[in-house]
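Contents: one structure, followed by commentary.
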Amino acid sequence: MKNLFAIYCHWPFCLSKCPYCDFFSLPSHDWNEQLFIKRYNEEIKQIPTSQNVTSIFFGGGTPSLMSTTLLEDILNNIYKHCHVDKDVEITIEANPDAIDLQKIKDFHRLGINRLSLGVQALNNQDLHFLGRRHSAETARKRINEILNYFDNVSIDLIYARPQQTWEQWEKELNEALSFNLPHYSLYQLTIEEKTPFAHKNISLPDDELARTLFLKTIEKMDSTGIPLYEVSNFAKPGYECQHNQTYWLGKDYVGIGPSAHGRLGLIATENPRNIQNWLKGEKNITPLSLKEKEEERILMGLRQRQGIDIQNISPQSIQRVIEKGWVIQKGDHVFPTNEGLIMLNSLILELWP
């Protein structure tokens, strides 16, 4: 794999705030777009020009709500300031109710070559529970429209929802697979602190059912030729998300936009979650120790099927997790098993206490 270097661009606005979401997002947009253009471009000018940009990712929030003018301006300035790889992966996230056929055409015209659609569920009852604004029919329509213009398409789905059985999830998964997409992000529902769901009495599947749903999902995806390559991500060979792999492999990336994070060598950057403070140019810059950098490498690397090399990890720790059945060792590499992915937090603590 080529040396990866990524640019993440955060757009903080949504049409409404989903009750499970703990990303920095706001349910309205009444800011002067010119202020955003100015600040994004100030941040672009700070990107090291020595790096070869292999991916650009517009996330949020709902970045498909960005105007074509703003997107075009950001991309033009990245190309003007940075060395952009000829095979660069450019992704934009969208929601079915925040994109239409004209926007799909515009994204394609601007050189965006990967589209990630936040479907989350393919039945209206669960879409309502998840606080989504779109219907299942709208999601199906958007997927088909996108496939007329994009080859590299991913959809997000949330499973392990309250009262959900494997049979129900398999039916939904079969429909998702019928679109024959190259990439699927499949997340088990979790209740995050400080989200509206945290204040409700939501009964998630117990540990045994959640485990069964996870293992059967992996088995199902494997059987269709779309294997798991990261704990929540599945792709046909060659369609793994380069941008996310930049994070998981511990490579350098920059973050622009409010709340965006970055890593440049042993420097961590974090933009403020407050938009006014971000517009003023505030940024937190924190030196990382070699130990902290190694901890991040292990934390992120063990999420991937390809695993990590075992430098700086004690042989005793490795032997313990092998005996638990959480990893397989081959040479100087350890690879998480399915059981290891289920026990990911415990696995990380065993290897890096």
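Count the sequence shown with our numbering and you get residues 1008 to 1360, in order. From the three backbone atoms N, C-alpha and C, an ideal C-beta is built for every residue, glycine too.
Query raised in the report: Once you ignore the five residues that flank E1200 on each side, which residues in its own chain have a CB closer than 8 Å to its CB?
Result: Around E1200: D1029.
Query raised in the report: Among residues of its own chain, excluding the 5 on either side of G1068, which ones have a beta-carbon nearer than 6 Å to its beta-carbon?
Result: W1018, P1019, F1020, C1021, S1032
Query raised in the report: For G1264, which option in P1070, V1341, V1060, P1055 has the closest C-alpha, if you only look at C-alpha atoms?
Result: P1070
Report task. Look at L991 and I1044 and say whether their C-beta atoms are less than 8 Å apart. Result -> For the chain, the structure presents residues 1008 to 1360; residue 991 sits outside this window and is missing.
Query - Outcome for R1116 when other beta-carbon atoms lying within 10 angstroms are tallied against a minimum of 16 - result: exposed
**Report entry** Anticipated Cβ contact below 8 Å, K1227 with E1177, distance rounded
**Finding:** 7 Å
Query raised in the report: To the nearest whole angstrom, what separates the beta carbons of Y1236 and R1312, a pair I think is in contact under 8 Å?
Result: 5 Å
Query raised in the report: Considering only C-alpha positions, which residue in the set D1316, Q1336, T1276, D1113 is nearest to E1050?
Result: T1276
Query - In chain order, each beta strand (DSSP E) run of at least 3 residues that lies wholly inside the segment 1037-1112 - result: 1059-1067, 1090-1101
**Report entry** Touching by the beta-carbon criterion (3+ pairs, under 8 Å), the segment 1243-1253 and the segment 1203-1222
**Finding:** no
Report task. Return the chain-ordered ranges of every beta strand (DSSP E) run that is complete within the segment 1147-1210 and spans a minimum of 3 residues. Result -> 1159-1166, 1190-1195
Requested in this report: Pick out whichever of N1039, N1159, S1142, S1123 has its Cα sitting closest to the Cα of L1193.
Outcome: S1123
Query raised in the report: Helix or strand or just coil, what does DSSP make of S1123?
Result: In the structure shown, S1123 sits in a strand (DSSP, three-state: E or B).
Requested in this report: Return yes when the Cβ of I1233 is within less than 8 Å of the Cβ of K1243, no when it is not.
Outcome: yes
Requested in this report: Measure how close the beta-carbons of P1212 and A1167 come, nearest whole angstrom, since I'm counting them as under 8 Å.
Outcome: 5 Å
Query raised in the report: In whole angstroms, what separates the C-alpha of E1144 from that of S1266?
Result: 33 Å
Query raised in the report: Between I1054 and the rest of its own chain, which residues show a CB-CB distance below 6 Å, the 5 nearest in sequence each way excluded?
Result: C1089, V1261
Report task. Select from A1128, F1186, L1297 the residue whose C-alpha is nearest the C-alpha of L1271. Result -> L1297
Query raised in the report: Between L1137 and the rest of its own chain, which residues show a CB-CB distance below 7 Å, the 5 nearest in sequence each way excluded?
Result: C1025, Y1027, Q1127, A1128, I1165
Query raised in the report: Distance, Cα to Cα, N1155 vs S1161?
Result: Distance between the alpha carbons of N1155 and S1161: 14 Å.
Query raised in the report: Given F1241, which residues of its chain have a CB within under 6 Å of its CB, disregarding the five upstream and five downstream residues?
Result: Y1191, M1228, I1233, L1235
Query raised in the report: Got a sec, what are the start and stop residues for the alpha helix (DSSP H) H1250 sits in?
Result: Looking at the DSSP string, the run of the alpha helix (DSSP H) that includes H1250 is 1249-1255.
Query raised in the report: Measuring CB to CB, does G1314 end up less than 8 Å from W1333?
Result: no
Report task. Report the partner residues of Q1311 according to the DSSP bridge assignment. Result -> E1237
Query raised in the report: What do you get for Q1125, buried or exposed, if any count of 16 or more other CB atoms within 10 angstroms of its CB means buried?
Result: In the sequence as displayed, the identity of residue 1125 is Gly instead of Gln. G1125 comes out buried.
Query raised in the report: Among all the DSSP beta bridges, which residues are the ones paired with H1340?
Result: D1316, K1337
Requested in this report: Check G1262 in the structure and name its three-state DSSP category.
Outcome: strand
Query raised in the report: Cα-Cα, which of N1319, I1150, G1338, T1344 is closest to V1328?
Result: T1344
**Report entry** Terminal residues of the beta strand (DSSP E) in which H1017 lies
**Finding:** 1013-1018
Query - Member of K1148, E1247, P1322 whose CA lies at the smallest distance from the CA of P1103 - result: K1148
Report task. Express the C-alpha separation of A1217 and Q1336 in angstroms, rounding to a whole number. Result -> 27 Å
Query raised in the report: Skipping 5 residues on each side, what residues in its chain have a beta carbon closer than 8 Å to that of L1108?
Result: E1152
Query raised in the report: For G1269, does the three-state DSSP call read helix, strand or coil?
Result: strand
**Report entry** Segment limits, alpha helix (DSSP H) that includes N1291
**Finding:** Careful: N1291 lies outside any alpha helix (DSSP H), inside the beta strand (DSSP E) at 1291-1294.
**Report entry** Under 8 Å between C-beta atoms of D1092 and N1039
**Finding:** no
Query raised in the report: Where does A1217 fall in DSSP's three states?
Result: In the structure shown, A1217 adopts helical secondary structure according to DSSP, grouped into three states.
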